[in-house]
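Only one structure is covered here, and it is reproduced in the block below.
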Amino acid sequence: MDIQKNVSLKPYNTFGVDAVARQLVHIKKEEDLSHLYAAEILTRDNLLLLGGGSNILFVNDFEGLVIHMAIGGIDYCINGTDVVVRAGGGVVWNDLVNYCVNKGFGGIENLSLIPGTVGAAPVQNIGAYGVELQDIFLSCRGFDLATGEIKTFYKEDCAFDYRDSIFKGVLKGKIIITEVNLSLSTESKLNTTYGAISAELHNRGIVSPTIKEVSEVVSAIRVSKLPDPSMIGNSGSFFKNPVISVDRFRVLLSNFVDIVSYPFGDNKIKLAAGWLIEQCGWKGRVVGNTGTWKNQALVLVNHGNATGLEVYDFSEEIIKSVKNKFDVVLEREVNVVL
Ligand code: EPU
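Numbering (our numbering), first residue to last: 4 to 341.
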């Protein structure tokens, strides 16, 4: 295992920002972590775990050690209609989705084409089109940086919430997820209630879709709305959809009758951040080397040579204008490395 020095992080973040890591190491198996631990390399303060780099913005060079999760491998076991699929933390999430969809293992199809790696999926409880990772999550294995032990985390241990988990909370920076186990089924019930999915199925004349057809429809919707990071740097939704109280929502609704919202748990409302940003006039705007995506204002993009700082400053502008117009504070969904 080689620790590389002064490595450009440009190929390792989907925003395509050119920051430098003072050191970088690729982890290909759990034992690699044990070796680094034994050599007292993991006891340092300045560590950063990187998966697919699809949810991160480097504002500066990183003056520590970047641990690049590259553990591969997918396998499964079947019991009747139940399937448990195991994947290494460094597996590309969509490769896992395709693997499962092609084998007819359902439950994961709505999460097609989400960028990033398997190990990162539980951290922010990835979700799309009415499904979240927690709906199919069984357990994960994680390397404890403090003790050097591998621990198993079951669903109830993970404190999953909207784009949130214990790995973003009290365990932030303490656990490296090395493997994820999902609970899928060969007879899963398809979730096609999300408006865009049912509309696209209808367009295609599909009445009783297969798992594969739902996956294809979800992928097509994503491609039509979201920029392809290999063509134009971005990290998906830059902000979370803000959650506010019903009382606050009533006030907003009286001033903005078209506001896009969804019920969220008891007494809470989730607002579509893309709508708020669009209403502030930002949709499709190009600002220097950055801007928002023409089809989805919630996605910030790199038009070429944007620095992390430029994107960060632009996101501050957006936060300010949404606060001024709606008195709602947007929270970033991407991890900002300052
Ligand atoms: N909208 C606008 N203008 C915009 C964008 C959106 O008015 O520029 C309104 C529209 O009314 C639209 C609604 O907002 O119907 C919702 O938009 P969309 O369906 O694109 O979903 P989203 O709430 O913006 C969330 C996730 C996405 C996920 C989609 C689909 C978050 C922060 N984002 O976006 O996840 O793909 O739902 O389920 O929850 C990601 O996390 O990186 C991501 C892409």
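Note that beta-carbon positions come from the ideal geometry of N, C-alpha and C, so glycine has one too.
Using only CA atoms, which one of the options lies nearest to residue i?
i	options	result
lysine 286	Leu255, Ser257, Ser324, Pro266	Ser324
glycine 92	Val126, Leu60, Gly67	Val126
valine 289	Lys175, Asp147, Asn305, Ile224	Asn305
tyrosine 17	Gly119, Leu312, Gly151, Leu301	Just to set this straight, residue 17 is threonine in the shown sequence, not tyrosine. When only C-alpha atoms are compared, the closest one is Gly119.
methionine 234	Trp296, Val263, Ser191	Trp296
aspartate 269	Asp164, Glu219, Ser248	Ser248
glutamine 299	Lys175, Asn194, Asp78, Gly239	Gly239
cysteine 353	Leu312, Glu66, Cys103, Leu27	Nothing in the structure corresponds to residue 353, since the chain is present only between 4 and 341.
alanine 162	Glu152, Ile153, Leu174, Gly151	Leu174
Taking only heavy atoms of the ligand EPU into account, decide whether any of them is closer than 7 Å to the Cβ of residue i.
i	result
asparagine 244	yes
tryptophan 278	yes
alanine 131	yes
glutamine 7	no
glycine 236	no
glycine 55	no
glutamine 137	no
lysine 328	no
serine 240	yes
leucine 229	yes
alanine 123	no
alanine 202	no
alanine 199	yes
lysine 286	yes
Are there 16 or more other CB atoms within 10 angstroms of the CB of residue i, so buried, or fewer, so exposed?
i	result
proline 232	buried
asparagine 327	exposed
glycine 109	buried
arginine 225	buried
histidine 339	In the sequence on display, residue 339 carries valine and not histidine. Result: exposed.
asparagine 258	exposed
tyrosine 132	buried
proline 230	buried
arginine 89	buried
histidine 205	exposed
Pull up the DSSP beta-bridge partners for residue i, would you.
i	result
lysine 8	Gln26
aspartate 147	Ile178
tryptophan 96	BP columns for tryptophan 96 are empty, so no partner.
cysteine 80	Val87
phenylalanine 140	Leu185
alanine 131	Val134
valine 69	Leu27, Leu51
isoleucine 117	Note: isoleucine 117 sits in no beta bridge, so no partner.
isoleucine 59	Asn338
threonine 195	Threonine 195 pairs with nothing; no bridge assigned.
threonine 295	Leu303
Mind listing, in chain order, the continuous beta strand (DSSP E) runs of no fewer than 3 residues lying wholly within the region 210-289? 236-240, 246-248, 264-266, 271-274
Along the chain, which unbroken stretches of the beta strand (DSSP E) at least 3 residues long are found entirely within the region 151-181? 153-157
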